[in-house]
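Chemist: Sharing a structure here in structure tokens format.
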Amino acid sequence: MLDPCLISIIPSFSLYNIRIYFLIKTYLSIKMKFTLATLLATAVAAAPAPSNLSFTMMSLRSASPVHFGSVNASGQKFYIGLEKPSSYCPTPPVPASSCPSGKYTSVTFGSGYSSLNVAVPGGQRIYIAPDGSLSYTQAHSAYIPPGSTQDGFILGPKNKDNGLRPITHKKGGFVACPAKKNVGPWKVYVGQPASKDVPSGCASDCLGFSNQAVEFTSEQFGAWQY
Numbered sequence: 057m058l059d060p061c062l063i064s065i066i067p068s069f070s071l072y073n074i075r076i077y078f079l080i081k082t083y084l085s086i087k088m089k090f091t092l093a094t095l096l097a098t099a100v101a102a103a104p105a106p107s108n109l110s111f112t113m114m115s116l117r118s119a120s121p122v123h124f125g126s127v128n129a130s131g132q133k134f135y136i137g138l139e140k141p142s143s144y145c146p147t148p149p150v151p152a153s154s155c156p157s158g159k160y161t162s163v164t165f166g167s168g169y170s171s172l173n174v175a176v177p178g179g180q181r182i183y184i185a186p187d188g189s190l191s192y193t194q195a196h197s198a199y200i201p202p203g204s205t206q207d208g209f210i211l212g213p214k215n216k217d218n219g220l221r222p223i224t225h226k227k228g229g230f231v232a233c234p235a236k237k238n239v240g241p242w243k244v245y246v247g248q249p250a251s252k253d254v255p256s257g258c259a260s261d262c263l264g265f266s267n268q269a270v271e272f273t274s275e276q277f278g279a280w281q282y
């Protein structure tokens with residue numbers, strides 16, 4: 057790029073040359089701005105787009121009672137083997153026509169966190185309680201017990217064959233523990249729970265499973281609240 061100081065040190069710099077100099081300088085300036093804009097646009101395009109997708113959860117463990125089971129929310133915990141989740145919509149004041157069906161447990165993911173896909177103001181955060189149970193906050197309350205884990209949820213890439221996405225957590229694998237040995241419903245934990253913390257009183261009754269996310273497109277929200 058030409059140095060403006062050259063004008064003062066070159067006596068023979070004509071008016072024509074000065075015009076040419078400023079034309080070149082303007083061209084280079086525009087080219088630099090265009091290149092920068094192109095680089096920024098490329099960087100934005102390469103960055104992962106924020107996901108506003110929602111999912112239901114399905115358990116996979118071949119030849120077991122929890123294989124292809126729906127993971128449902130009930131009583132601030134999650135279970136496999138329930139007919140449907142426990143959900144609620146306040147009618148009135150909410151018009152019945154505006155209430156989600158509440159037949160599905162729908163969740164969302166973002167930046168290591170997970171939440172229930174609900175319409176209630178304030179939402180409902182998913183976390184892991186100190187006893188390892190997969191839990192969620194009560195509607196209209198942000199209370200989470202001390203010692204709980206809120207982050208660490210990972211939504212994996214979509215399987216090109218079946219469309220499923222693996223859900224994992226930094227604390228360990230997902231585990232389903234029965235009400236009685238081999239009898240559901242099965243309460244969901246993350247990591248290996250202690251016998252004193254599982255419904256049957258024996259941690260060896262529990263089964264590890266692969267938690268899979270199934271894209272949820274039936275409704276905007278799974279429920280007003282769970």
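Taking our numbering, the leading residue of the sequence shown gets 57, the next gets one more, and so forth. Note that CB positions come from ideal geometry on N, CA and C, so glycine has one too. Note that the structure is predicted; figures quoted are calculated from it, not measured.
1. Can you tell me the Cα-Cα spacing of A102 and V174, whole angstroms?
2. Going along the chain, which residues of its own chain have a beta-carbon closer than 6 Å to the beta-carbon of H225, five neighbours each way excluded?
3. Under 8 Å, do S143 and W280 count as touching if we go by C-beta distance?
4. Do you know offhand how far P201's Cα is from G131's?
5. Three Cβ pairs or more, each shorter than 8 Å: is that satisfied between the stretch 262–275 and the stretch 144–151?
6. What does the alpha-carbon distance come out to for the pair F272 and V127?
7. Judging by CA-CA distance, which residue of S157, L172, G158 is the nearest neighbour of T164?
8. Could you tell me which residues DSSP puts in a beta bridge with R221?
9. Is V254 buried or exposed, if buried means 16 or more other CB atoms sit within 10 Å of its CB?
10. Any idea what DSSP makes of S191, helix, strand or coil?
11. Reducing DSSP to helix, strand and coil, say where P243 ends up.
12. If you reduce the DSSP assignment to three classes, tell me which class I76 lands in.
13. Identify, in the order they occur along the chain, each residue of the same chain with its Cβ nearer than 8 Å to the Cβ of K237, setting aside the five sequence neighbours on each side.
14. Considering Cα atoms alone, identify which of A250, A185, G203, Q180 is closest to Q194.
15. Answer yes or no: does any C-beta atom of chain B fall closer than 8 Å to that of V270?
16. Out of G125, F111, S110, state which residue places its alpha-carbon closest to the alpha-carbon of R117.
17. Tell me whether the beta-carbon of Y199 lies closer than 8 Å to the beta-carbon of S191.
18. Would you identify the three-state DSSP class for K89, choosing helix, strand or coil?
19. Compare the beta carbon distance of W242 and G137 with 8 Å and say whether it is the shorter of the two.
20. Can you tell me which residues form a DSSP beta bridge with Q180?
21. Which of helix, strand or coil does DSSP assign to K252?
22. In terms of residue numbering, what span does the beta strand (DSSP E) encompassing A129 cover?
23. Please classify G158 as buried or exposed, where buried requires at least 16 other C-beta atoms within 10 Å of its C-beta.
24. Would you say S170 and P186 are within 8 Å of each other, going by their C-beta atoms?
Modeler: So, from the data block:
1. Residue confidence is low: A102 scores 33 on pLDDT, short of 50, so the model does not pin down where it sits. No coordinate-derived value is stated.
2. Annotation for H225: G208, F209, V246 place their beta carbon closer than 6 Å to its own, counting only its chain and skipping 5 residues before and after.
3. yes
4. Between P201 and G131, the C-alpha separation is close to 15 Å.
5. no
6. 13 Å
7. L172
8. A269
9. buried
10. strand
11. Note on residue identity: the sequence assigns Lys, not Pro, to residue 243. The answer is strand: DSSP assigns K243 an E or B state.
12. Only weak support is given to the placement of I76: the predicted model assigns it a pLDDT of 44, under 50, and the value that follows is read from those uncertain coordinates. Of the three classes helix, strand and coil, the one that applies to I76 here is helix, per DSSP.
13. Within its own chain, the residues whose Cβ lies closer than 8 Å to the Cβ of K237, once the five positions on either side in sequence are excluded, are S256, C258, D261, listed in chain order.
14. Ranking the options by Cα distance to Q194, first place goes to Q180.
15. Absence of chain B from the displayed structure is noted, only one protein chain being present.
16. G125
17. No. Outside cutoff.
18. Because the pLDDT at K89 is just 42, under 50, the model does not fix this residue reliably, and the value given afterwards should be weighed accordingly. Note: K89 maps to helix in three-state DSSP.
19. yes
20. L172
21. helix
22. 125–130
23. Buried.
24. no
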